[in-house]
Amino acid sequence: MSDSSKYTPPKVWKWDNQSGGKFTNINRPIAGATHEQELPVGKHPLQLYSLGTPNGIKITVLLEELLALGHVGAEYDAFLINIGEGAQFSSGFVEINPNSKIPALLDLSTNPATRVFESGAIMIYLAEKFGELLPVEPAEKAECMSWLFWGMASAPYLGGGFGHFYAYAPEKFEYPIDRFSMEVKRQLDVLDKNLSLRQYLCGDIFNIADIAVHAWYGTLVLRNIYDASIFLDVASYKHVTRWAKEIAERPAYKRGSRVGRAPSPEDNAIPERHDASDLD
Ligand SMILES: N[C@@H](CCC(=O)N[C@@H](CS)C(=O)NCC(=O)O)C(=O)O
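Read left to right, the sequence shown gives residues -11 to 268 (the numbering used here).
The following block contains the structure:
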């Protein structure tokens, strides 16, 4: 157990002591813009302001799936929002997402333009706009929404909870690492049991719930995020691994998951995407 006896919370919390964790310099207890800057605008109907994180790739993978299905209206410009440098606090970004988090989408094909923030809301918006990857039959739609919202509600325990304390906090504290490891392993088991019965999260048909959940848990089992594959024994979740590999083989996943990251020698990622040929 960590020694928590050293810290007594003050009567009223104040923003005066920096934690020293990885994101200390961008964390603030207040909302709103820190500086005036317009967002760039490209040539396509959809403008995506994002980054190649798990939350970001949900949208680029979905857009690539829609393009693969033949929807030219899903053509998009993906601009990089460098959250490490505070670009999510520009006045232009805050106008389309008052919560200052990527991803955020601007649909220029509507008049006036439609802004959408929160990755789950963006996925539903796009799936409904193009009539794809979201069942319409009520019971099937309910199952899809259940797994989509499960992913939206569960992933913060993996990223903000486990990932933060295991990889980013200034020290290794046993209490939060235990608490969030327990929860992430429970979530992996929920997925594993479901996927032992079905090919995809909701049954036989791939949909936006798979894309959303895969962005976090598929990345966890396939890409060793937080350097935690062994610690969490992810290989023991056989059905999650089977499902994760199958989705990672989809051409749209291969394209969309490369957008929004700096290229590295082992990865042909691209920071921004403004044309289909950027990924060819
Ligand atoms: N619930 C949001 C979470 C988005 C989110 O946490 N984005 C992170 C990157 S993955 C971010 O923009 N962080 C910047 C910050 O916290 O200032 C969603 O699903 O869109």
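Glycine included, C-beta positions come from ideal geometry on N, C-alpha and C.
- Remark: the shortest separation between the CB of asparagine 43 and any heavy atom of ligand 1 falls under 7 angstroms.
- Around the C-beta of serine 252, fewer than 16 other C-beta atoms lie within 10 Å, and the residue is accordingly described as exposed.
- For glutamate 171, the shortest C-beta to heavy atom distance toward ligand 1 is 7 angstroms or greater.
- The three-state reading of DSSP puts tyrosine 225 in coil, since its state is none of H, G, I, E or B.
- Between the beta-carbon of leucine 34 and that of isoleucine 196 there is about 16 angstroms, and that puts the pair past the 8 angstroms contact cut.
- In this structure, the alpha-carbon of isoleucine 193 lies about 51 angstroms from that of tyrosine -5.
- In this structure, arginine 103 lies near isoleucine 84, with their beta-carbon atoms less than 8 angstroms apart.
- For leucine 176, the secondary structure class from DSSP, reduced to helix, strand or coil, is helix.
- In the three-state DSSP reduction, aspartate 268 falls in the coil class, being neither helix nor strand.
- Within 7 angstroms of the C-beta of lysine 89 there is at least one heavy atom belonging to ligand 1.
- For valine 104, the uninterrupted beta strand (DSSP E) run begins and ends at 102 to 105, by DSSP.
- Remark: fewer than three beta-carbon pairs, one from each stretch, lie closer than 8 angstroms, so the region 149 to 162 and the region 178 to 186 are not flagged as touching.
- The C-beta distance from proline 239 to glycine 248 rounds to 18 angstroms, too long to meet the 8 angstroms contact threshold.
- DSSP places phenylalanine 67 inside the beta strand (DSSP E), whose first and last residues are 64 to 68.
- Going by DSSP, serine 38 is part of the beta strand (DSSP E) stretching over 34 to 38.
- With a threshold of 16 other beta carbon atoms within 10 Å, tryptophan 3 falls short and is exposed.
- The Cβ neighbour count for valine 222, taken over all protein chains shown within 10 Å, is at least 16; the residue is labelled buried.
- By a beta-carbon distance limit of 8 angstroms, glycine 139 contacts valine 201. Their separation comes to about 4 angstroms.
- Taking a C-beta distance under 8 angstroms as the contact criterion, isoleucine 69 and alanine 203 do not qualify as a contact pair.
- With a cut-off of 7 angstroms, the C-beta of serine 142 is classified as distant from ligand 1, since no heavy atom of the ligand falls inside that distance.
- Straight across, the Cα-Cα distance linking arginine 167 with glutamate 63 is about 42 angstroms.
- Taking 8 angstroms as the cut-off, the beta carbon of tyrosine 37 is found closer than this to the beta carbon of phenylalanine 81.
- Within the same chain, Glu52, Leu267 come within 7 angstroms of arginine 243 by CB-CB distance, once the 5 residues on both sides are set aside.
- Assignment of isoleucine 18 by DSSP, reduced to helix, strand and coil, places it in the coil class.
- When distances are taken from the beta-carbon of isoleucine 18 to the heavy atoms of ligand 1, even the shortest one reaches 7 angstroms or more.
- If you check the C-beta of isoleucine 14 against ligand 1, you find a heavy atom less than 7 angstroms away.
- Under DSSP, arginine 261 forms a beta bridge with Ala66.
- By the C-beta density criterion, asparagine 99 is exposed, having fewer than 16 other C-beta atoms within 10 angstroms.
- Distances between the C-beta of glutamine 187 and the heavy atoms of ligand 1 are all 7 angstroms or more.
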